[in-house]
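Residue numbers (the working numbering): 229 to 568. Read through the structure below, which is laid out as structure tokens, and then see the notes.
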Ligand code: SF4
Ligand code: SF4
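This is the structure we're talking about:
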């Protein structure tokens, strides 16, 4: 099914089957500055998690809080623009969404708002009953880890066998880049059978994640980047917005078809305390409470400050400069090709 939105000089079409999205401005050659209604909303429904991953950027713990059902409904109602309708999809995360006692109701409520829910999980709580219950209700489920050996422990197979579109969120850092190279060489194709896509997420030194593991511009990263254009992985490969500058700079990816960091322009983050910020890594910076301000006041007015601040000051002689937003506004060290 195709979804579309046309507001003034902002035009957007998404193909829900392939996940492809297209956006243009006044003409097909123009880029709109930002979306009057966000294209994607990242919602943390809890900061509760029992797994204890050392890369957890939110430092989620078993005694941390959940978003209440009433608050969740309040968030979705707030996202509904009086004139242009609701957002099309949300990405639910945490914490661990499957530890939320009301996760199934949350998925049902999302569908009632005519919004497609997706969620990310550590994989530990997937059961056949969960698979049966979420079938037909979710766009995709992403299972996150940073070592391919975890694919066996993650019960991901239940999702694949249940025909749920399943992605892997592979947190890419300085220590596992060698394994990531093997993934691109096709060495893990047996394990990746049935997976829709492996998405490489750039490691960020936030929460429990140590700054010692941030990617560096070394020969291993260069080898990884070289393999991207001709990778042999049996599933689709993808990257988070944080990795896009390196794709623009070092791969043949068409720079007109990819977005560098789009937070605060096309996507937004809302945490379990109803704080709205451009990105889940904002860590309370550029953050406004939904209890105090209307969502569209935050999105259309309050975020202007962030939008005018984010400018590319990169000094590299680089063809991508026109499309690139430069280094990450919160963790500049993760943008390994950026030089000031
Ligand atoms: S603000 Fe930084 S962490 Fe967030 S998506 Fe952009 S580059 Fe990534
Ligand atoms: S402009 Fe700078 S940060 Fe952006 S892709 Fe080029 S080198 Fe990287």
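Note that the Cβ used here is the ideal one computed from N, Cα and C, for glycine as well. Computed from a predicted structure; not experimentally measured.
Contact check, residue i vs residue j, beta carbons under 8 Å
i: residue 444; j: residue 564; result: yes
i: residue 359; j: residue 343; result: no
i: residue 170; j: residue 567; result: This structure leaves residue 170 out entirely; the chain is present only between 229 and 568.
i: residue 284; j: residue 408; result: no
i: residue 363; j: residue 345; result: no
i: residue 279; j: residue 352; result: yes
i: residue 400; j: residue 463; result: no
i: residue 498; j: residue 518; result: yes
i: residue 535; j: residue 341; result: no
i: residue 509; j: residue 432; result: yes
N- and C-terminal bounds of the alpha helix (DSSP H) containing residue i
i: residue 553; result: Element bounds for residue 553: n/a, residue is neither H nor E.
i: residue 300; result: 297-307
i: residue 338; result: 331-340
i: residue 447; result: 447-456
i: residue 386; result: 384-389
i: residue 357; result: 356-362
i: residue 409; result: 405-413
i: residue 472; result: 472-478
For residue i, the residue or residues it bridges with in DSSP
i: residue 394; result: 369
i: residue 248; result: Looking at the DSSP assignment, residue 248 forms no beta bridge with any residue, so it has no partner.
i: residue 243; result: 230
i: residue 344; result: 317
i: residue 425; result: 395 and 464
i: residue 379; result: DSSP lists no partner for residue 379.
i: residue 497; result: 270 and 505
i: residue 491; result: 495
i: residue 276; result: 289
i: residue 517; result: 503
i: residue 400; result: 430
Closest residue to residue i among the options (Cα-Cα distance)
i: residue 454; options: 410, 328, 370 and 554; result: 410
i: residue 558; options: 518, 297, 506 and 547; result: 506
i: residue 423; options: 279, 432, 560 and 383; result: 383
i: residue 329; options: 496, 341, 274 and 299; result: 274
i: residue 541; options: 556, 251 and 426; result: 556
i: residue 459; options: 340, 480, 300 and 378; result: 480
i: residue 267; options: 291, 487, 510 and 554; result: 487
i: residue 186; options: 327, 394 and 467; result: Not covered by the structure: residue 186. The range shown for the chain is 229 to 568.
i: residue 393; options: 375, 347, 413 and 403; result: 347
i: residue 371; options: 406, 470 and 428; result: 428
i: residue 265; options: 524, 561 and 548; result: 524
i: residue 331; options: 294, 237 and 350; result: 294
Limits of the beta strand (DSSP E) - the one that residue i falls within
i: residue 537; result: Segment 532-537 is the alpha helix (DSSP H) holding residue 537; no beta strand (DSSP E) there.
i: residue 467; result: 464-467
i: residue 269; result: 268-272
i: residue 505; result: 503-505
Within-8 Å CB hit, residue i to chain B
i: residue 314; result: Of the protein chains in this structure there is only one, and it is not chain B.
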